Structure formats: structure tokens, C-alpha cells
Amino acid sequence: VVTFTTLVRGWCMRGDMEMATKVFDLASKMRVVPNDVSYNTLIRGWCEKGCEDRAIEVMERMKAAGVRPNVVTLTTLIRSYCKDRNMRAAMSLLDTMRRTGLRPDVRTYTTLMQGWIELKNMDRAMDLFKQMKRSKLVRPNTVTYTLLITGWARQMLRMDMAEKVMHDLMKDPNVSPNERTFSALIK
């Protein structure tokens, strides 16, 4: 399965999703059972081509084969929807994760925040940040804080809010600012 997944990844990286799909299907015909990594590789490839519908088809095949979609699967789709500015679909997948017992991770939340920030909707980004902090199961990391600081400082031109997020970061014993964090505060 590792060899076939590597081949699928290679075709995905070249942008040839038809060939990636053929190799994936060939593996099944040769009685190689794809695992979650195999499916997620193909899903990511379709998402990077902007073909969420094809990625969803692969996820449905995944379920039919008895392989449960995981946080990586859904976060990959969320990222693709965010890139397409389809935040309704992205947030719907977050709800699906919660409903099915999957726990969104820091990457899931940060991806969604990025989507809202690109739409200049800092309120929605901050709501997600607050949800993450309340959950106690997932903690913001340096990337999360830096993203919010950048959003406030550069997208919204609100240095007061950027400084407030920086202050929160400095109080968080589990996170330290890095060079990018400080750069976000400099115009």
C-alpha cells in the first residue's frame, strides 16, 4: 500500500489527477487495500486542483470501503473550500466533524480562521479562536496567534486588536512568539 500511495502522491504532485486515480484503482484491482493515507492523498490531489466534488466522491468511496474519514480528510476539504471562499461548505464540514465524533485540531481551526480573515471577517475568525480556547482539547499554537495578529494588523489595519492578541499570546505559557509573529506587528 505504501508503494501505491507513493505513486498516487507523485501523480498528484504533477497535477495529473486522472493518472493518480488510475493508479489508485489499479491498486484495488491488484488486491492492495487502500488505507486512510491512500484515500487522503487522492482527496488532497483533487482538492488542490479545485475539484471538491471529485474529492467528495473519493471520500464516499472511502466510507463505502469501510475506511473512516478522519480529521486530516475533513481538514483537507475544509482548506479547499476556504481557498474557494466557500465558507458555508467549510463550516458545514466543521459541524460534520463534531457530529461524527471527530475532534477538530489546531490545523482545522487555523485553516477556518484563515478563510474568514481572507474575507476580512475577523469576528468569525475570533469566534473560532474563542471556541478553540474554550474546548480545552485543542490549543492555539504560534501559527494561530500569528495568523490573527497578521489579520488584525495587515488586513484590518487594527493595531490595537493585533496588540491585544499579542498580549494574549504572551500570557499563554504553552506558546512563544517567533520571528513571523513579531514581523506581523511591524508595518
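The number in the numbering used here is simply the position in the sequence shown, starting from 1, with 851 added.
No residue lacks a Cβ here, since even glycine has one placed at the ideal position from N, Cα and C.
Everything numeric in this text was worked out from a predicted model, so none of it was measured.
Problem - Exposure of E869, with buried meaning 16 or more beta-carbon neighbours within 10 Å - result: E869 should be labelled exposed.
Problem - Among A878, V922 and D1023, the one whose alpha carbon lies nearest that of L944 - result: Comparing Cα-Cα distances from L944 to each of A878, V922 and D1023, the minimum goes to V922.
Problem - Cβ-Cβ distance between E908 and Y932 below 8 Å - result: Not in contact: E908 and Y932 (Cβ atoms no closer than 8 Å).
Problem - C-alpha gap between V874 and E1014, whole angstroms - result: About 50 Å.
Exercise for the section: Use the C-beta contact count for N1025: other C-beta atoms within 10 angstroms, 16 or more gives buried, fewer gives exposed. Expected result: Exposed.
Exercise for the section: Give me the Cβ distance between I1000 and M1017, rounded to the nearest whole Å; I'm assuming they're in contact under 8 Å. Expected result: Indeed they touch by this definition, with Cβ atoms about 6 Å apart.
Handout entry: Extent of the continuous alpha helix (DSSP H) to which M1007 belongs
Key = Boundaries for M1007: no alpha helix (DSSP H) harbours it, and the DSSP string shows neither H nor E there.
Practice task
Note the first and the last residue of the continuous alpha helix (DSSP H) segment covering L1036.
Solution key: Residues E1030 to L1036.
Practice task
Count the other CB atoms, across all protein chains shown, that sit within 10 Å of the CB of S820; report buried if there are 16 or more and exposed otherwise.
Solution key: Residue 820 is absent from the structure shown; the chain starts at 852 and stops at 1038.
Practice task
Quick one: give me the first and last residue of the alpha helix (DSSP H) that K900 is part of.
Solution key: K900: not part of any alpha helix (DSSP H); DSSP gives it neither H nor E.
Problem - Per-residue burial, R936 [other beta carbons within 10 Å of its own, 16 or more giving buried] - result: That one is exposed.
Exercise for the section: Evaluate A871 with the Cβ neighbour count: other Cβ atoms within 10 Å of its Cβ, from every protein chain shown; 16 or more gives buried, anything less gives exposed. Expected result: Counting of Cβ neighbours within 10 angstroms places A871 among the buried residues, the total reaching 16 or more.
Exercise for the section: Starting from the Cα of Q982, find the closest Cα among L963, T924 and K971 and give me that residue. Expected result: Here the closest residue by C-alpha is L963.
Exercise for the section: Take T856 as the anchor and find which of D867, D887, R865 and G866 has the nearest alpha-carbon. Expected result: It is D887 whose Cα lies nearest to the Cα of T856.
Problem - Three-state secondary structure assigned by DSSP to N891 - result: In the three-state reduction of the DSSP assignment, N891 falls in the helix class.
Handout entry: Top-ranked residue by Cα proximity to V957, from K934, L979 and A1035
Key = Of the candidates K934, L979 and A1035, L979 places its Cα closest to the Cα of V957.
Exercise for the section: Please go through the stretch 914 to 999 and give each complete alpha helix (DSSP H) segment of 4 or more residues, from N-terminal end onward. Expected result: Counting only runs of 4 or more, we get 922 to 934, 938 to 950, 957 to 969 and 973 to 986.
Exercise for the section: Return the CA-CA distance between E911 and D946, expressed in angstroms with no decimal places. Expected result: In a straight line, the C-alpha of E911 is about 18 Å away from that of D946.
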